[in-house]
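Each remark here refers to the structure printed beneath this line.
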Amino acid sequence: MGSFVESGWQYLVTHFSDFQLACIGSFLLHESVFFLSGLPFIYLERHGFLTKYKIQAKNNTPAAQGKCITRLLLYHFCVNLPLMMASYPVFKAMGMRSSFPLPSWKEVSAQILFYFIIEDFVFYWGHRILHSKWLYKNVHSVHHEYATPFGLTSEYAHPAEILFLGFATIVGPALTGPHLITLWLWMVLRVLETVEAHCGYHFPWSLSNFLPLYGGADFHDYHHRLLYTKSGNYSSTFVYMDWIFGTDKGYRRLKSLKENSNLKQT
0 MGSFVESGWQ
10 YLVTHFSDFQ
20 LACIGSFLLH
30 ESVFFLSGLP
40 FIYLERHGFL
50 TKYKIQAKNN
60 TPAAQGKCIT
70 RLLLYHFCVN
80 LPLMMASYPV
90 FKAMGMRSSF
100 PLPSWKEVSA
110 QILFYFIIED
120 FVFYWGHRIL
130 HSKWLYKNVH
140 SVHHEYATPF
150 GLTSEYAHPA
160 EILFLGFATI
170 VGPALTGPHL
180 ITLWLWMVLR
190 VLETVEAHCG
200 YHFPWSLSNF
210 LPLYGGADFH
220 DYHHRLLYTK
230 SGNYSSTFVY
240 MDWIFGTDKG
250 YRRLKSLKEN
260 SNLKQT
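Residue numbers 0 to 265, in numbering that gives the first Met the number 0, belong to the letters of the sequence shown in order.
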């Protein structure tokens, strides 16, 4: 890795313990990336900016947005932070380290690619199970309180769901025992992806317009609009699991109808 990254990492490992970096450092990084990427979408919705890119015409009330933020802070400090601290010994036992030498970009890239693949697989089945009648009613319905999602609703969920689907995010790193810098990069990418998927806007520059099989906001917004038994679109980042098991047929059909309608109008 570059000298700038190495010098910055040298400062961190000199001034903070491994536990502080892995737990407190990870928590602070997560909160910073999550709120800095999610809050702008509240601003856009409240002030009506870029409405031509908004997927749904409906807006959330300021009270609903405020409730989401309040609950998120409660869940993050009372669930996420304790979970990070409790899982530290497990990750250490499985090989996580923060010491030098830093991993090569080749190693980091290979591990993160593996994390995306395994997270997509585990998340799909976990999410699909959460849409069974009892689990939806008692657990997953909390996340679906917002039929018109915005960025911060990506982590608005029942504490049991946070633990349940959180497993999909950590199983890859738990298997490989990565360097902490790899874990941080993976966490940043996952946060940015899930905020974008829930943002409620489909921009010309959205990744789903350029990356094959990438879901994005348009794909996941459909999932929030429909009744739980018929929604489909259970995938996390990439959509191949829905394609393989046919749980995106309703979305594909609707998208095809819209495209045909636009062609007729032109």
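Using N, Cα and C, we set each Cβ at its ideal position, and we do this for glycine too.
For clarity, every value in this text was computed on a predicted model and none was experimentally measured.
Rounded C-alpha distance that separates residue i from residue j
i: Gly249; j: Gly94; result: 43 Å
i: Ser25; j: Val138; result: 26 Å
i: Phe115; j: Thr236; result: 8 Å
i: Asn79; j: Ala85; result: 10 Å
i: Leu134; j: Tyr155; result: 16 Å
i: His201; j: Phe244; result: 25 Å
i: Leu184; j: Met240; result: 24 Å
i: Asn259; j: Leu253; result: 10 Å
i: Phe33; j: His223; result: 20 Å
i: Gln19; j: Leu43; result: 36 Å
i: Asp17; j: Lys257; result: 52 Å
i: Ile23; j: Val4; result: 20 Å
i: Val107; j: Phe113; result: 10 Å
i: Thr147; j: Leu225; result: 11 Å
i: Pro203; j: Phe15; result: 42 Å
i: Lys53; j: Gly199; result: 6 Å
i: Leu28; j: Ser255; result: 40 Å
i: Thr175; j: Arg96; result: 11 Å
i: Leu210; j: Trp242; result: 16 Å
i: Gly47; j: Lys136; result: 33 Å
i: Lys51; j: Leu72; result: 31 Å
Reference residue i, options the options, closest by Cα
i: Val12; options: Leu225, Gln55, Pro100; result: Pro100
i: Ala56; options: Arg45, Leu164, Lys136, Tyr10; result: Arg45
i: Ser230; options: Thr181, Leu151, Ser131, Val187; result: Ser131
i: Met186; options: Glu5, Lys66, Gln110; result: Gln110
i: Ile68; options: Leu188, Thr193, Leu151; result: Leu151
i: Lys66; options: Leu35, Glu144, Phe209; result: Glu144
i: Trp104; options: Ser98, Asn59, Leu82, His178; result: His178
i: Ser98; options: Val190, Pro61, Gln9, Leu73; result: Gln9
i: Leu35; options: Leu73, Leu191, Ala62, Lys136; result: Leu191
Distance CB(residue i)-CB(residue j) smaller than 9 Å
i: Glu118; j: His142; result: no
i: Pro102; j: Ile180; result: yes
i: Phe76; j: Ala21; result: no
i: Gly37; j: Val194; result: yes
i: Leu82; j: Leu162; result: yes
i: Phe268; j: Asn208; result: For residue 268 there is no data in the structure shown, the boundaries of the chain being 0 and 265.
i: Ser234; j: Ala216; result: no
i: Ser153; j: Ala196; result: yes
Cutoff 7 Å; reference residue i; Cβ partners in own chain excluding five residues on either side
i: Val238; result: Leu212, Gly214, Phe218, Asp247
i: Arg70; result: Tyr155
i: Arg189; result: Thr168
i: Pro158; result: Tyr74, Val78
i: Ser2; result: none
Own chain partners of residue i with C-beta closer than 8 Å, once the 5 adjacent residues on each side are dropped
i: Val121; result: Phe166, Ala167, Val170
i: Leu164; result: Phe122, Gly125, His126, Leu129, Ala156
i: Ala173; result: Val89, Phe90, Met93
i: Ser31; result: none
i: Ala62; result: none
i: Pro39; result: Gly150
Beta-carbon proximity list for residue i, same chain, < 6 Å, skipping 5 on both sides
i: Gln64; result: Ile41
i: Gly221; result: A small correction: the amino acid at residue 221 is Tyr; Gly does not occupy that position in the sequence shown. Here the set comprises Asn232, Tyr250.
i: Leu49; result: Leu43
(message) Please give me, in chain order, every unbroken run of the alpha helix (DSSP H) with length at least 4 that falls completely inside the segment 218-251.
(response) For the segment 218-251, the full-length alpha helix (DSSP H) segments reaching 4 residues or more read 239-244 along the chain.
(message) Going residue by residue through the segment 134-188, where are the continuous alpha helix (DSSP H) segments of at least 4 residues, counting only ones entirely within it?
(response) List check, alpha helix (DSSP H) in window: 158-175.
(request) Could you pull out every unbroken alpha helix (DSSP H) segment of at least 4 residues lying fully inside the segment 46-97, listed in chain order? (result) DSSP runs (the alpha helix (DSSP H)) wholly in the segment 46-97: 61-74, 80-92.
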